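In my numbering, the protein residues as written are 1342 to 1779.
Even for Gly, the Cβ is constructed at its ideal location relative to N, Cα and C.
As the structure is a prediction and not an experimental result, all values here were calculated from the model.
Everything below concerns the one structure shown next.
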Ligand code: FAD
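Here's what the structure looks like:
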């Protein structure tokens, strides 16, 4: 092949990138492209920022290997074809994704390539195991996690691709400007972003992965320790493909270990979303009872972290501050919204989608449905007692005090139940009573 265009989407890396590696190995010229799609922009200022940082990093990395990143705005299919024709490309490569929107984009791109006599190929890379690769007897996807995990860990995984030493991008292309980033480390006031968000890009992601591998041993014992904050925080880098999930899983080693098992949950939800594209809007479990209340004041209290239940408010404030929330807190806050307040999981899903750096359709919707009892949980009526969870996973109350400054002077586990404090102490706290008492 003479010239290949590699369309990047949410695979913003050069390591273990099968589409890029194949193009570099088989084409004389390779044109890496990212198209800023107005249909996807503006949904989450946190993710927009992370994306723009990741693009800047990718361009630097590609330039360091003799290439570049071409940036265009508009419809990704039209822009890819336009560029492919400009550079007389004979091939277009893309990493296959699972959402309805992404698959429609792939289909349109394939059709347009065919119309213009350009070879089209999609590649793996967004998951450890391809979402369509494993199927149970008599079904098109796994509905229950444990059998999926067994099949997943026993499957043959592809070998990770080396990063290309050289990316032979032709000279003279108009490469386009990177989107402007707010100055400084944190988003500027008024941008609608979180003040303490992680920085995007493969360079930071790989550094985090290296550091994390040194802490892996503690994961089994500490991943539910809310104040200990002992999880990897790799999720935004996986979300944008700054890290290859296969590389992370392989580097972690033990396929049956607790960390790799969590990575399998990610693949599990991808294969569910692949088989059930309406996961974001429609109950996955056939016959799931959906009788939600609609209470704007309760929803607002939950969103802003003013429910009067400290463990819930702490999680929701962490989300706003960091664009990330500890998994245990996600479970507690989501279960509180759906099972205690009886509010629709879709409202919770949308709020998480607005703030989460790692927010993506399969994992956000899959987990919300799991918690709400409309999804893949084999015990859909499971309840998470938020107070019991608080005492178990934040026994001394440090997580709550970190995120709810109004309660910073309440010592020990008493911080979980401010309504039990002496009236005089309670009166001095600028903290609301529980929603049920208002
Ligand atoms: P670690 O504990 O270090 O785990 C390593 C990796 O495994 C994570 O980075 C992630 O890729 C994967 N993983 C871990 N737990 C899960 C899980 N339950 N489901 C799927 N993948 C998992 N995760 C997202 O990536 N995007 C989302 O939009 C998202 N929404 C969620 C919504 C709710 C209501 C709940 C309960 C969970 C959600 N999760 C989501 C899953 C999980 O909370 C995060 O992946 C995890 O907290 C990320 O932090 P970490 O990287 O430190 O995870």
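query                                                                                                                                   : result
Contacts around residue 1568, its chain only, beta-carbon distance under 8 Å, and the 5 residues preceding and following it disregarded : 1735, 1737, 1739, 1740, 1743
Closer than 7 Å: residue 1585 CB and nearest the ligand FAD heavy atom                                                                  : no
Residue 1561 in three-state terms, based on DSSP                                                                                        : helix
Any non-hydrogen atom of the ligand FAD within 7 Å of residue 1573 CB                                                                   : yes
Extent of the continuous beta strand (DSSP E) run through residue 1433                                                                  : 1432–1436
First through last residue of the alpha helix (DSSP H) which encompasses residue 1417                                                   : 1417–1427
Three-state secondary structure assigned by DSSP to residue 1693                                                                        : helix
Burial state of residue 1500, where buried means 16 or more other Cβ atoms lie within 10 Å                                              : exposed
Residue 1344 (DSSP reduced to helix, strand or coil)                                                                                    : strand
Segments of 4+ residues assigned as alpha helix (DSSP H) that fall wholly inside the segment 1595–1646                                  : 1599–1616, 1637–1645
Cβ contact check for the segment 1529–1544 and the segment 1659–1674: 3 or more pairs under 8 Å                                         : yes
Residue 1317: CB within 7 Å of a non-hydrogen atom of the ligand FAD                                                                    : Summary: the structure shown does not reach residue 1317, with the chain confined to residues 1342 through 1779, and so no result is reported for it.
Where residue 1769 falls, given that 16 or more other Cβ within 10 Å makes a residue buried                                             : exposed
Short Cβ contact (8 Å threshold) for residue 1485 with residue 1459                                                                     : no
Coil, strand or helix - residue 1654 by DSSP                                                                                            : helix
Anticipated Cβ contact below 8 Å, residue 1505 with residue 1362, distance rounded                                                      : 6 Å
Cβ-Cβ separation, residue 1494 to residue 1621 (assumed contact under 8 Å), whole Å                                                     : So it is not a contact: roughly 28 Å between Cβ atoms.
Option nearest residue 1443 by Cα separation, candidates 1492, 1378, 1384, 1608                                                         : 1378
Neighbourhood of residue 1731 by C-beta distance below 6 Å, restricted to the same chain and skipping five residues each side           : 1652, 1757
8 Å CB neighbourhood of residue 1767 in its chain, flanking five on each side removed                                                   : 1759, 1760
Near the ligand FAD: residue 1482 beta-carbon under 7 Å from a heavy atom                                                               : no
When 1430, 1546, 1352, 1400 are compared against residue 1344, the one with the closest alpha-carbon                                    : 1430
Own chain, CB closer than 7 Å to residue 1439, minus 5 neighbours either side, in chain order                                           : 1472, 1611, 1614, 1615, 1703
Near the ligand FAD: residue 1494 beta-carbon under 7 Å from a heavy atom                                                               : no
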